[in-house]
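Trainee: In my numbering, the protein residues as written are -17 to 329.
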Amino acid sequence: MDATSITDTFHRPLRDLRISVTDRCNFRCVYCMPREIFGRDYVFMPREQLLTFEEITRLASIAVAHGVLKIRLTGGEPLLRKDIEELVRMLARLRTPDGRAPDLAMTTNGSVLAQKALVLKDAGLNRVTVSLDSVREETFQAMNDAGYPVAKVLHALDVAQAAGLGPVKINMVVKRGQNDHDIIDTARHFKGSGFILRFIEYMDVGASNGWKMDEVVPSAEVLARISAVFPLDPVAPNYPGETSERWRYRDGSGEIGVISSVTQAFCRGCTRARLSADGKLFTCLFATAGTDLRALLRGGASDADLSAALSALWGGRADRYSVLRSANTPVAPDTAARRIEMSYIGG
Ligand code: SF4
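#1: According to DSSP, which residues form a beta bridge with residue 256?
#2: Quick one: residues with CB closer than 7 Å to any heavy atom of the ligand SF4, in chain order, please.
#3: Let me know the beta strand (DSSP E) ranges lying completely inside the segment 40 to 107, each 3 residues or longer, listed in chain order.
#4: Alpha carbon to alpha carbon, how far is residue 140 from residue 314?
#5: Assign residue -8 to one of two classes, buried (16 or more other C-beta atoms within 10 Å of its C-beta) or exposed (fewer than that).
#6: Give the DSSP-derived three-state secondary structure of residue 323 in the structure shown.
#7: To test your reading of the DSSP string, which unbroken alpha helix (DSSP H) runs of 4 or more residues are found completely within the segment 196 to 255?
#8: Identify, in the order they occur along the chain, each residue of the same chain with its Cβ nearer than 7 Å to the Cβ of residue 327, setting aside the five sequence neighbours on each side.
#9: Return the chain-ordered list of same chain residues with a C-beta closer than 6 Å to the C-beta of residue 293, the five sequence neighbours on each side being excluded.
#10: Have a look at the DSSP bridge pairing and note the partners of residue -11.
#11: Would you identify the three-state DSSP class for residue 113, choosing helix, strand or coil?
#12: How about residue 163 and residue 96: do their beta carbons lie closer than 8 Å?
#13: Considering only DSSP beta bridges, list what residue 9 is partnered with.
#14: Examine the Cβ distances between the segment 121 to 134 and the segment 97 to 111 and report whether three or more of them are shorter than 8 Å.
#15: Counting pairs of Cβ atoms below 8 Å between the segment 160 to 180 and the segment 111 to 124, do you hit three or more?
#16: Output the distance between the C-alpha atoms of residue 5 and residue 68, rounded to the nearest integer angstrom.
#17: Quick one: what does DSSP say residue 180 is sitting in, helix, strand or coil?
#18: Which residues in the same chain as residue 206 place their Cβ atom closer than 8 Å to its Cβ, once the five residues preceding and following it in sequence are excluded?
#19: For the beta strand (DSSP E) containing residue 154, name the first residue and the last one.
#20: The alpha helix (DSSP H) with residue 191 in it runs from where to where?
#21: Quick one, are the C-beta atoms of residue -2 and residue 54 less than 8 Å apart?
#22: Figure out for me which residue from 18, 214, 43, 9 has the closest Cα to the Cα of residue 92.
This is the structure in structure tokens:
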């Protein structure tokens, strides 16, 4: 197999692979899995359609051979996938062509994290990011729409940090009129805690959340609100293409971040591919179609075949949805209606 780093039509290298391991979740976050669509009768993917851990690891090893340095496990809720720590153990054995272990991270809603943190760390997981849309019970419950108490997630954060899965990052999706009134309370709660709180602009991912631009709170406004109470200074990115813009509290009590896909598109440095739980590879979060690698896998494809498929796919990539959105490039209604769901591709 020809193990070379691959770049797309904008010379962006493939560096990050996000792997969704399930389309199921125990929350019904209003911006991702609104209950009116993902209700009691919603049909999730049957187990036989999901990639096995061996299939996921094989695809990941080919991606790592082509330059992937970061692997992130997502869902749905990844910790709902049975024995997920076994997959972590398998992925943790992968090595880049120059012998490095790819960075292994997970994004979770934290509901099962307290029970799993130590086995995940032991299996080789490096870091976790936890979604938490407010520290106030009432707002948190309204956002997750599953009656799950915020105290349990806050406890899981402490367990994960103590287990060495940090610095634990926290993602707060800010939706105007839903939880933006809790920006300061949530910042205050984590200030000086060692956790890194990131504020994410509400995005038009998928076709289910009824996204409207006037429900987006631009990151500039989030920063202005916080700075008015807790002065902030900008911090240089950890690496090129980092999606989170870093800011530190001037009094030295820690760091926050903003992720501004809507108002400050970062497609120029986007090095992310996404693998769905049923084995489709997507080259953009806002894609409408993916490439079925499961069919190749189960059709007897060799590693060289899979490598060639990945190289052709990434080599031909020209995605820059957020840039086009910012330029108000019209999107055909049927295209918007076919965009993949966040709960399917995992953000
Ligand atoms: S819109 Fe697509 S190309 Fe742009 S940053 Fe997001 S995933 Fe990458």
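Glycine included, C-beta positions come from ideal geometry on N, C-alpha and C.
Since the structure is predicted, the reported quantities are computational estimates derived from the model, not experimental observations.
Mentor: In short, the structure shows the following:
#1: Within the sequence shown, residue 256 is the residue found at index 274, counting from 1. Answer is 0, 264, bridged to residue 256.
#2: The filter returns 243, 247, 248, 249, 252, 254, 266, 267, 268, 301, 302, 303, 304, 305, in chain order.
#3: Segments of the beta strand (DSSP E) lying fully in the segment 40 to 107: 52 to 56, 85 to 90.
#4: Here residue 140 refers to the residue found at position 158 when the sequence shown is read from its first residue. Here residue 314 refers to the residue found at position 332 when the sequence shown is read from its first residue. Cα to Cα, the separation comes out at about 45 Å.
#5: In the sequence shown, counting from the first residue as 1, residue -8 sits at position 10. Exposed.
#6: Reading the sequence shown from its first residue, position 341 is the one you call residue 323. In the structure shown, residue 323 adopts coil according to DSSP, grouped into three states.
#7: Every alpha helix (DSSP H) stretch that sits fully inside the segment 196 to 255 and reaches 4 residues is listed by chain position as 201 to 211.
#8: Here residue 327 refers to the residue found at position 345 of the sequence shown. The residues are 2, 256, 258, 264, 267.
#9: Within the sequence shown, numbered from 1, the residue matching residue 293 stands at position 311. Excluding sequence neighbours, residue 293 sits near -12.
#10: By one-based count along the sequence shown, residue -11 stands at place 7. Paired residue(s): -5.
#11: For the purposes of this step, residue 113 is taken as residue 131 along the sequence shown, with counting starting at 1. Residue state for residue 113 is assigned as strand, using DSSP reduced to three classes.
#12: For the purposes of this step, residue 163 is identified with residue 181 of the sequence shown, where counting begins at 1. For the purposes of this step, residue 96 is identified with residue 114 of the sequence shown, where counting begins at 1. No, the Cβ-Cβ distance between residue 163 and residue 96 is not below 8 Å.
#13: In the sequence shown, counting from the first residue as 1, residue 9 sits at position 27. For residue 9, DSSP assigns no beta-bridge partner whatsoever.
#14: Contact between the segment 121 to 134 and the segment 97 to 111 is absent, because fewer than three Cβ pairs lie under 8 Å.
#15: With a cut-off of 8 Å, the segment 111 to 124 and the segment 160 to 180 count as touching, because enough Cβ pairs lie within range.
#16: Your numbering for residue 5 matches position 23 in the sequence shown. Your numbering for residue 68 matches position 86 in the sequence shown. Each residue's alpha carbon lies about 19 Å from the other.
#17: Translated into positions along the sequence shown, residue 180 becomes position 198. Strand at residue 180.
#18: Taking the first residue of the sequence shown as position 1, residue 206 is located at position 224. If the five residues before and after residue 206 are omitted, its C-beta is found closer than 8 Å to no C-beta atom of its own chain.
#19: In the sequence shown, residue 154 corresponds to position 172, counting from 1. Where residue 154 is concerned, the enclosing beta strand (DSSP E) stretches over 151 to 156.
#20: Residue numbering aside, residue 191 sits at position 209 when the sequence shown is read from its first letter. Run containing residue 191: none; DSSP gives neither H nor E here.
#21: For the purposes of this step, residue -2 is taken as the residue at position 16 of the sequence shown. For the purposes of this step, residue 54 is taken as the residue at position 72 of the sequence shown. Taking 8 Å as the Cβ cut-off, residue -2 and residue 54 qualify as a contacting pair.
#22: For the purposes of this step, residue 92 is taken as residue 110 along the sequence shown, with counting starting at 1. Of the candidates 18, 214, 43, 9, the one whose C-alpha sits nearest the C-alpha of residue 92 is 9.
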